[in-house]
Amino acid sequence: MSTDYDLNVQVLIDTDGPLPVDRLEQAVAWVLRAHDVMQGTGVSVVITDDDEIQQMNRQYRGVDAPTDVLSFPDEPLPGEAEPYLGDLILSLPYIRRQAEAEDHTLSDELALAVIHGTLHLLGYDHDTPAHQDLMWARQEEALRALDIQIVVPRFEFSDSDEEE
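Residue numbers for the sequence shown follow my numbering, beginning at 4 and rising by one.
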């Protein structure tokens, strides 16, 4: 699939069959276009396993558990002609389990993971109720535009978390 962005999907593990790489590129590109990101901007998507993502989650976030997606924004270099937004690391086994538990297709669940991760690369977060509301609105907009019928539950915050 051709997009206006420099998207690179790498699969570092054995899979049971082909993965919907075009769908992932389409999802990332839609989010970038919706946020008026400059054409030619690069994003890498790396698909790995639970062990690798757990090690990265422990090293970079202090969380010793696997997760679906990690986002690593890139710091732009002065004079960089074509900026690089960052890297998304996905755990295929984790995402496959989520898809099965929620009765979603693997393709839709992978697309959700790259949408969520790309929003993080763009600076969105879900660390407060207000931030989560904004990020979830953008995420839901992307899901609707890509005809993905997934409703993402919101995180629960304690009363003390609601004060920004």
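Here a beta-carbon is modelled for each residue, glycine too, at the ideal position from N, C-alpha and C. Fair warning: this is a prediction, and the values are worked out from it, not measured in the lab.
Can you list, in chain order, the stretches of the alpha helix (DSSP H) that have 4 or more residues and sit fully within the region 12 to 39? 24 to 37
Is the distance from the Cβ of Leu146 to the Cβ of Gly120 below 8 Å? no
With contact counted as at least three CB pairs below 8 Å, one residue from each stretch, are the region 68 to 76 and the region 42 to 56 in contact? Judged by Cβ distances under 8 Å, the region 68 to 76 makes contact with the region 42 to 56, as three or more pairs qualify.
For Ile50, which option in Asp67, Glu28, Ser94 has the closest C-alpha, if you only look at C-alpha atoms? Considering only Asp67, Glu28, Ser94, the residue with the shortest C-alpha distance to Ile50 is Ser94.
Mind checking who Thr51 pairs with in its DSSP beta bridge? Per DSSP, the beta-bridge partners of Thr51 are Ser94.
Applying the criterion that 16 or more other CB atoms from any shown protein chain within 10 Å of the CB defines a buried residue, is Asn11 buried or exposed? exposed
Give a yes or no on whether the C-beta atoms belonging to Tyr8 and Leu27 are separated by under 8 Å. no
On the DSSP letters alone, give me the boundaries of the alpha helix (DSSP H) that Leu146 sits inside. 132 to 148
Report all residues from its chain with a CB closer than 6 Å to the CB of Leu115; omit the five preceding and five following residues, and keep chain order. Ile153
Tell me which residues share the same chain as Asp77 and place their Cβ nearer than 7 Å to its Cβ, disregarding the 5 neighbours each side in the sequence. Tyr87, Leu88, Gly89
Whose C-alpha, out of Gln135, Ala148, Arg157, is nearest the C-alpha of Val31? Closest option to Val31, Cα to Cα, is Ala148.
Could you work out which residue in Pro96, Phe160, Asp130 is closest to Asp17 when comparing CA atoms only? Pro96
Is Val117 near Val48, with beta carbons less than 8 Å apart? For Val117 and Val48, yes; Cβs fall inside 8 Å.
Roughly how many angstroms separate the alpha carbons of Glu103 and Leu113, rounded to a whole number? 12 Å
Give the secondary structure of Tyr127 by DSSP, where H, G and I count as helix, E and B as strand, and everything else as coil. coil
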